[in-house]
Amino acid sequence: MPVNPDLAIQPPADVLLERSFALADEAATNAFGERFARAIESVREALQKPRRTPQQTTPQEAQQPAPGTEGNQAFHGLQVQLVGDLGAGKTTLVRATLRGLGHTGRVRSPTYTLVEPYVLERPAGELSLYHFDLYRFTDPAEWADAGFREYFDSGAICLVEWPQRAGRLLGVPDLVFALDLDHEGDGRVLVARAYSESGKACLERC
Numbered sequence: 001m002p003v004n005p006d007l008a009i010q011p012p013a014d015v016l017l018e019r020s021f022a023l024a025d026e027a028a029t030n031a032f033g034e035r036f037a038r039a040i041e042s043v044r045e046a047l048q049k050p051r052r053t054p055q056q057t058t059p060q061e062a063q064q065p066a067p068g069t070e071g072n073q074a075f076h077g078l079q080v081q082l083v084g085d086l087g088a089g090k091t092t093l094v095r096a097t098l099r100g101l102g103h104t105g106r107v108r109s110p111t112y113t114l115v116e117p118y119v120l121e122r123p124a125g126e127l128s129l130y131h132f133d134l135y136r137f138t139d140p141a142e143w144a145d146a147g148f149r150e151y152f153d154s155g156a157i158c159l160v161e162w163p164q165r166a167g168r169l170l171g172v173p174d175l176v177f178a179l180d181l182d183h184e185g186d187g188r189v190l191v192a193r194a195y196s197e198s199g200k201a202c203l204e205r206c
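Mapping of the sequence shown onto full-length UniProt numbering: position 200 corresponds to residue 200, and the numbering continues sequentially without gaps.
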């Protein structure tokens, strides 16, 4: 049965951009993850780029934000929620994103640890990424009791599998990726929705 992103708990916010991607096989899923990693870096670098002084900026430039970063003054991290049944490709996508961000070590599933942390050395500076799997939660209160809020407020990239297990306690994400297996072949369908300007800027670059 196709995964409908509306079956997950929907954020109380408007969708700024929605796109669908047909991922023909695992290689295509990996390629999307690598594009997403490049998009994260592009948006992060654009938002961290030093502003020029008034003497260096023309009046027209002063009124123009960096492309795809309208309304943002700094990079405050990303919350990306991954929705889909078991085996839909959520962990595959996370693994590909980590590889695209330069991680060369093992990518462990956080099914039992709940969260796996990564620190990535990137041209724009050190980047923290946290991979969550909330599948084992049976009540949203468990997320609150786990003390994970600080991770989401740290300016890191938070990739969350099974976000619906935390109810609405995660707040509004920047992006939701809903994955479903194409039962007529070996591929997947990914429906991506952006709920913030940073999320929209990343999705535009994918």
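Just so it is clear, CB atoms sit at the ideal spot from N, CA and C, and this is done for glycine as well.
Remember, predicted model here, so these are calculated numbers, not experimental data.
| query | result |
| --- | --- |
| Contact between the region 113–128 and the region 181–198 (3+ Cβ pairs under 8 angstroms) | no |
| Three-state class that DSSP yields for residue 195 in the structure shown | coil |
| Closest Cα partner of residue 207 within the set 130, 39, 18 and 137 | Since the displayed the chain opens at 1 and closes at 206, residue 207 lies outside it and no answer follows. |
| Span of the alpha helix (DSSP H), counted from its first residue to its last, around residue 151 | 149–152 |
| Spatial distance of residue 197 from residue 87 (CA atoms) | 30 angstroms |
| Residue 29 classed as buried or exposed, judged by whether at least 16 other C-beta atoms fall within 10 angstroms | buried |
| Short Cβ contact (7 angstroms threshold) for residue 148 with residue 165 | no |
| Limits of the alpha helix (DSSP H) - the one that residue 98 falls within | 90–100 |
| Residue range of the beta strand (DSSP E) that includes residue 125 | 125–133 |
| Residues that DSSP places opposite residue 81 in a beta bridge | 160 and 176 |
| Counterpart residues of residue 22 in DSSP-defined beta bridges | 189 |
| Identity of the residues DSSP links to residue 122 by a beta bridge | 125 |
| Residues sharing a beta bridge with residue 169, DSSP | Bridge partners of residue 169: none, in fact. |
| For residue 143 and residue 27, the rounded distance between their alpha carbons | 33 angstroms |
| Per DSSP, cross-strand counterpart(s) of residue 140 | Residue 140 pairs with nothing; no bridge assigned. |
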